[in-house]
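Let me begin by presenting the structure, written as structure tokens, before commenting on it.
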Amino acid sequence: MLAPKSHVLYNRVLQSFVKHKNQYILASFVALTLYVLFFITTNLSDIEDQHKPYSEVFYLSNEVLSDDVYAIKTLDGHHWELRDNLNFGMTDKVIWIKVKVNPKQTTISRIIRFQDPLVNVLNVWVFESGSNKLFNQLDAGDASPFNQRDIENGSFLVDIGDSSRPLDIYIRAQTNLGMNLSFSFWRASDFIAYNSDLTLFYGGVFGYAFAIFFFSLMMYATTQNIEYVFYSGYVASFSIHLAAVTGFGFQYIWPNAPNFQQLVATLSFNLTFFFIVLFTRHFVLYVGNKEYASLKNSWQAKVFTFIAFTYVALIFASAIWQTTFLLQLSILLLNVSIFGVVYICFTLARQGFKNANFFVWVWFGIFITVLLVTLNRLILNAVGLDPTFILIIGFFFETLVIGAALVLIYNRNKNRATRDKLLAIKDERKMLSAKDELLALQADAKQKLELEVKQQTARLESALKDLSKASKDLKQLRNVDSLTSLPNRFMFEELVQKNIVVSVRTRCPIAIAVIDIDCFKAINDEYGHIGGDEVLKHFAQLLLALSEIHGFDVCRFGGEEFVVLAVNFDNNKLLNVIDRFRLDYAKSKIHIGDQYLYSSFSAGISSAPLDSQKAYLTLLGEADKLLYRAKQKGRNRVLATA
Numbered sequence: 001m002l003a004p005k006s007h008v009l010y011n012r013v014l015q016s017f018v019k020h021k022n023q024y025i026l027a028s029f030v031a032l033t034l035y036v037l038f039f040i041t042t043n044l045s046d047i048e049d050q051h052k053p054y055s056e057v058f059y060l061s062n063e064v065l066s067d068d069v070y071a072i073k074t075l076d077g078h079h080w081e082l083r084d085n086l087n088f089g090m091t092d093k094v095i096w097i098k099v100k101v102n103p104k105q106t107t108i109s110r111i112i113r114f115q116d117p118l119v120n121v122l123n124v125w126v127f128e129s130g131s132n133k134l135f136n137q138l139d140a141g142d143a144s145p146f147n148q149r150d151i152e153n154g155s156f157l158v159d160i161g162d163s164s165r166p167l168d169i170y171i172r173a174q175t176n177l178g179m180n181l182s183f184s185f186w187r188a189s190d191f192i193a194y195n196s197d198l199t200l201f202y203g204g205v206f207g208y209a210f211a212i213f214f215f216s217l218m219m220y221a222t223t224q225n226i227e228y229v230f231y232s233g234y235v236a237s238f239s240i241h242l243a244a245v246t247g248f249g250f251q252y253i254w255p256n257a258p259n260f261q262q263l264v265a266t267l268s269f270n271l272t273f274f275f276i277v278l279f280t281r282h283f284v285l286y287v288g289n290k291e292y293a294s295l296k297n298s299w300q301a302k303v304f305t306f307i308a309f310t311y312v313a314l315i316f317a318s319a320i321w322q323t324t325f326l327l328q329l330s331i332l333l334l335n336v337s338i339f340g341v342v343y344i345c346f347t348l349a350r351q352g353f354k355n356a357n358f359f360v361w362v363w364f365g366i367f368i369t370v371l372l373v374t375l376n377r378l379i380l381n382a383v384g385l386d387p388t389f390i391l392i393i394g395f396f397f398e399t400l401v402i403g404a405a406l407v408l409i410y411n412r413n414k415n416r417a418t419r420d421k422l423l424a425i426k427d428e429r430k431m432l433s434a435k436d437e438l439l440a441l442q443a444d445a446k447q448k449l450e451l452e453v454k455q456q457t458a459r460l461e462s463a464l465k466d467l468s469k470a471s472k473d474l475k476q477l478r479n480v481d482s483l484t485s486l487p488n489r490f491m492f493e494e495l496v497q498k499n500i501v502v503s504v505r506t507r508c509p510i511a512i513a514v515i516d517i518d519c520f521k522a523i524n525d526e527y528g529h530i531g532g533d534e535v536l537k538h539f540a541q542l543l544l545a546l547s548e549i550h551g552f553d554v555c556r557f558g559g560e561e562f563v564v565l566a567v568n569f570d571n572n573k574l575l576n577v578i579d580r581f582r583l584d585y586a587k588s589k590i591h592i593g594d595q596y597l598y599s600s601f602s603a604g605i606s607s608a609p610l611d612s613q614k615a616y617l618t619l620l621g622e623a624d625k626l627l628y629r630a631k632q633k634g635r636n637r638v639l640a641t642a
């Protein structure tokens, strides 16, 4: 019974590995990297622990206002209490400790190395035991420029020399961050070897961070995805924080800016979490999510934004005030924000957002890192590691998980693209097959369609011809007088508008002649309407011939009334033309059947430059009045304005 069950279990494990082999490989790589890192840091910590003081360390328990070391030396023994742990937590009070060193127990040529480089004020006095003879003194701290240190190193170093007598070492310290005065004794040769190993290790860490930073910037330049800016900001801020807490920043980057050294640790701390919150927000909610629009204004996005702006406020506050209270507030808000982000990522992961799974682990790692650093730096030595090493391990864990997430997401997107490409090829083949069928149908229907098109084209051409003829006839009816074939009043109005434009542009005059056939009613009464029509047609033919000679426009204005529109004619010029025409017309015979008659006309002429329709109507009115006056004076005459 056991063998079949074992075989089934083995098959399930094998299938799971094949299905998720990329995840297992990346997880193994992360675990191996962290193991190597933990091995290196524990070895470095063990080396330093071997040099921790085994002499008695006393702490001045009562608050003392005096800064005079000689006054402190006179205090009785009951003011001092034995202390094993030199981690004093978050305090901005002045701390005094006393160390008794016995040369019989400590190697000659000793160097004291203080583990924490973030101490604002650090004073060390080395006395021969039982006397006021000052053997050596150190006045250091972040409040002073780096070049004032006796030994240039990121950590605070004190050379206590090679005295063969017992020594009393008094240490006074004050800072606005967590106070950790742990120190160790070194021989010069041992310290040089240890410092070389430590510098090499930190160099590798900074190189790793720079590689991620540079890679993120290049990815942003290539993809224009804003999450890479947030990620590079997170890596850069953490690197600055690491440079501050290791002392390398003060030693190599800003050695002459002690004020900045006192601010940079808190500033970079808050800036680091500001960028990682924005990176998490963008990556979890937006990258690869089809529900981008719905998540953009979701409560999760608003919580992320609120946390990010909280860190912005802390950044500005820490740039102005450096107090223990502000540090405590930052740690409190950090823990609250961690739980908030973990909760959001966990709920989104349960809803099926795959990216959120990775960030549950990332923020769990951040939580463990912050917890251990807080315990080690501010309360007690929880795991026996330097808080800086814990920070580095946490940073590696977070960046490796994020890197694994990026790799898996890239692989997932690549597989999706490959799958979509295969589906596209399959669909294309179906389309080609359908296209062949369609071409066959088209070839079969082409002849029918061509025949139908020819028939429809013939019908359309016939219809277009009919429509064109109808349009011409309609235009003729609209613009031309049907009896005389002269332009009618409607077309004349259009000619007036065109000539107004010419007159405005050239400032030339326009002359108008209003002509009326004399005694036309009597002709109609005697010869009938047919005779009247013959008179009108005869007059129109002569007037049209005259207009072609002199280049002016004419129209039948209505009834027996005609109008002449002459551009660039003044009164005298048009008067001469019309008056000669009057004489010629009066001599011409008009045949009506087998009869004939003679006729005459009267006209009024007025001219002026025209610039508007109103000016035209005024000019037309003046010509009409002159026509009326010519009729009153006996007809068969032409009058013009002076």
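Residue 280 in the UniProt record's numbering is what sits at position 280 of the sequence shown, and the numbering runs on without skipping anything.
Yeah, the Cβ is synthetic: ideal placement off N, Cα and C, and Gly gets one too.
Compute the Euclidean distance between the alpha carbons of residue i and residue j, then round it to the nearest angstrom.
i: T374; j: A424; result: 55 Å
i: P145; j: Q262; result: 11 Å
i: H20; j: L32; result: Confidence at H20 is low in this model, with a pLDDT of 48, below 50, so the placement of that residue is unreliable and no value is reported for it.
i: Q595; j: D570; result: 39 Å
i: L82; j: M90; result: 20 Å
i: A561; j: I517; result: The sequence shown places Glu at residue 561, not Ala. The straight-line gap from Cα to Cα measures roughly 7 Å.
i: P117; j: F353; result: 43 Å
i: T199; j: A301; result: 41 Å
i: L639; j: K589; result: 25 Å
i: T369; j: G394; result: 5 Å
i: V18; j: S28; result: Legend: pLDDT at V18 = 46, less than 50; position of this residue unreliable, value from coordinates given subsequently. Taking the straight line from one Cα to the other gives about 15 Å.
i: D139; j: G233; result: 36 Å
i: I212; j: I331; result: 27 Å
i: Q456; j: S462; result: 10 Å
i: S131; j: F260; result: 39 Å
i: V502; j: L565; result: 13 Å
Measure the Cβ-Cβ separation of residue i and residue j and say whether it is below 7 Å.
i: V121; j: Q174; result: yes
i: P255; j: A143; result: no
i: Q592; j: G531; result: Checking the sequence, you will find Ile at residue 592 rather than Gln. Going by C-beta atoms, I592 is nearer than 7 Å to G531.
i: L610; j: I510; result: yes
i: I515; j: F601; result: yes
i: F279; j: Y231; result: yes
i: F274; j: Y228; result: no
i: W361; j: V401; result: yes
i: F364; j: C345; result: no
i: V57; j: W125; result: no
i: L333; j: N270; result: no
i: I307; j: V277; result: yes
i: L575; j: I605; result: yes
i: V194; j: T246; result: First, the amino acid is wrong: residue 194 is Tyr here, not Val. For Y194 and T246, no; Cβs fall outside 7 Å.
Measuring CA to CA, which of the options is closest to residue i?
i: L181; options: A603, T399, Q115; result: Q115
i: D386; options: F283, T33, F38, G249; result: F38
i: R637; options: L439, W361, A265, L583; result: L583
i: F248; options: L544, L326, F156; result: F156
i: S196; options: R635, N355, S433, G154; result: G154
i: F490; options: E526, V245, F269, G558; result: G558
i: K93; options: L75, H78, L464, V119; result: V119
i: F210; options: A642, F396, A236; result: A236
i: L242; options: I160, V341, I390, S216; result: I390
i: V563; options: G551, L543, L167, R580; result: L543
i: D579; options: A630, K426, F88; result: A630
i: R110; options: F581, D190, L267, Y59; result: D190
Strictly by DSSP, which residues pair up with residue i?
i: D139; result: N123
i: V514; result: V563, G604
i: A640; result: I605
i: A173; result: I95, L122
i: F114; result: F156, F183
i: M90; result: G178
i: L82; result: F58
i: V101; result: L167
i: L134; result: F127
i: V480; result: P487
Does the beta-carbon of residue i, which I'm using as the reference point, lie nearer than 6 Å to any heavy atom of the ligand MN?
i: I171; result: As for the ligand MN, it is missing from this structure, which has no ligand bound.
Unbroken alpha helix (DSSP H) runs of length 4 or more, entirely within the stretch 484-512: which are they? 489-506
Report the start-end ranges of each beta strand (DSSP E) in the stretch 529-598 that is 3 residues or longer and not cut off at the edges. 553-558, 561-567, 590-592, 595-597
Scan the stretch 251-333 and note each continuous alpha helix (DSSP H) run of 4 residues or more that stays entirely inside, going in chain order. 258-285, 292-296, 299-320
Counting only runs that start and end within the stretch 334-388, where is the alpha helix (DSSP H) found for 4 or more residues in a row? 354-374
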